[in-house]
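**Student:** For the record, the sequence lines run as chains P and G. Under the working numbering, think of the first position of the first sequence as 579, with each following residue one higher. Under the working numbering, think of the first position of the second sequence as 579, with each following residue one higher. Got a structure here, written out as structure tokens. Questions coming.
Protein chains: 2
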Amino acid sequence: MNAADVALICKALGDSNRLQIVEMLSTGEKCACKMIDKFEITQPTLSHHMKILRECELVDVRKEGKWMHYSLNCETLSAFRDYINKLACDESRKGGCGC
Amino acid sequence: MNAADVALICKALGDSNRLQIVEMLSTGEKCACKMIDKFEITQPTLSHHMKILRECELVDVRKEGKWMHYSLNCETLSAFRDYINKLACDESRKGGCGC
DNA sequence: TTTATATATTGACGTTTAGCTATATGTATT
DNA sequence: AATACATATAGCTAAACGTCAATATATAAA
């Protein structure tokens with residue numbers, strides 16, 4: 579996963595509603611019809627958010643009759659986590675004596 | 579760290595330039611005057627990006643004379659990582675028999 | 001005290017975004 | 001075939017965003 583992919587995922591997670599959607603999906607696959615109840619947004623807006631989450635491949639869809647079931651894409655989530663976890667933070671490298 | 583904080587950090591990392599800045603800082607503290615050379619943006623734009631990264635507390639500043647030294651905020655980065663790492667992805671919970 | 005340098009702020013701009021309403025599409029039921 | 005329901009798309013609007021040029025602020029050097 580390269581920086582552009584990561585930026586895209588971050589942009590997707592940068593919206594509070596979408597972050598909450600991802601959290602909700604983190605507890606397992608959900609039908610759009612159930613998800614809509616939890617948010618104060620209209621159906622088209624939810625659909626729009628799901629499209630963005632699918633486009634960055636953070637979310638998968640499974641169609642069952644007229645229902646859409648969304649779930650987290652484990653592979654993408656895992657690659658994203660790896661990338662974030664590699665961002666090192668070395669306190670000792672800060673300059674200045676501080677003494 | 580709550581969802582709003584995480585969304586703010588993600589929004590900050592959702593811009594390619596800012597993500598690259600964070601990557602650069604991941605190798606240690608940097609002076610703004612050095613950072614500007616690595617990007618094709620003007621000085622005011624860099625300053626603007628740094629302000630956003632500071633506002634979500636992902637980045638710290640240290641002033642030394644007329645130079646500003648930026649570094650990652652270990653505490654925030656760590657809390658952010660924890661949050662992302664808690665996002666579970668359980669492939670088995672997806673519905674459908676698939677068999 | 002003047003000049004040079006590093007950074008921040010202001011104000012303007014074109015673009016992107018989240019949200020809505022209205023409508024279209026697809027699927028199941030009657 | 002007609003109806004009902006779930007979801008997607010289109011088109012719009014207001015707000016937010018990334019960028020820049022111009023200018024202000026702060027510090028160091030001459």
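The beta-carbon is built from N, C-alpha and C at its ideal position, and this holds for glycine as well.
Within 8 Å (strictly less), CB to CB, does Ile662 (chain G) reach chain P?
**Tutor:** Yes, Ile662 (chain G) counts as interfacial toward chain P.
**Student:** Taking the alpha-carbon positions, what's the Thr654 (chain G) to Leu665 (chain G) distance?
**Tutor:** Whole-angstrom Cα-Cα distance: 17 Å.
**Student:** Assess, as a yes-or-no matter, whether the region 589 to 602 of chain G is touched by the region 621 to 632 of chain G under the definition of 3 or more beta carbon pairs within less than 8 Å.
**Tutor:** Short answer: they touch.
**Student:** Taking DSSP as the reference, what is the three-state secondary structure of Glu633 (chain P)?
**Tutor:** Correct three-state label for Glu633 (chain P): helix.
**Student:** Taking only beta-carbon positions, decide if Asp583 (chain P) is within less than 8 Å of chain G.
**Tutor:** Closer than 8 Å: no.
**Student:** Can you give the Cα-Cα distance for Ile614 (chain G) and Val584 (chain P), rounded to whole angstroms?
**Tutor:** Answer to the nearest angstrom: the Cα atoms are 22 Å apart.
**Student:** Any idea what DSSP makes of Cys667 (chain P), helix, strand or coil?
**Tutor:** Note: Cys667 (chain P) maps to coil in three-state DSSP.
**Student:** What residue range is occupied by the uninterrupted alpha helix (DSSP H) comprising Ser594 (chain G)?
**Tutor:** Run containing Ser594 (chain G): Ser594 to Leu603, per the alpha helix (DSSP H) assignment.
**Student:** Considering only residues of the same chain and omitting the five flanking positions on each side of Glu669 (chain P), which have a CB-CB separation below 7 Å?
**Tutor:** Correct list: empty, nothing qualifies.
**Student:** Determine the closest residue to Tyr648 (chain P) out of P:Cys667, P:Thr605, P:Ile587 and P:Ala581, with distance taken between C-alpha atoms.
**Tutor:** Among P:Cys667, P:Thr605, P:Ile587 and P:Ala581, the Cα nearest to that of Tyr648 (chain P) is on P:Thr605.
**Student:** Out of P:Ala657, P:Cys609 and P:Met602, which one is the CA nearest neighbour of Glu642 (chain P)?
**Tutor:** Taking only the C-alpha atoms, the option nearest Glu642 (chain P) is P:Cys609.
**Student:** In angstroms, rounded to a whole number, what distance separates the CA positions of Lys634 (chain P) and Ile587 (chain P)?
**Tutor:** For the sequence presented, residue 634 (chain P) should be read as Cys rather than Lys. One C-alpha to the other measures close to 6 Å.
**Student:** How many Å lie between Phe658 (chain P) and Thr623 (chain G) at the Cα?
**Tutor:** About 27 Å.
**Student:** Please classify Asn663 (chain P) as buried or exposed, where buried requires at least 16 other C-beta atoms within 10 Å of its C-beta.
**Tutor:** With fewer than 16 other Cβ atoms within 10 Å, it is exposed.
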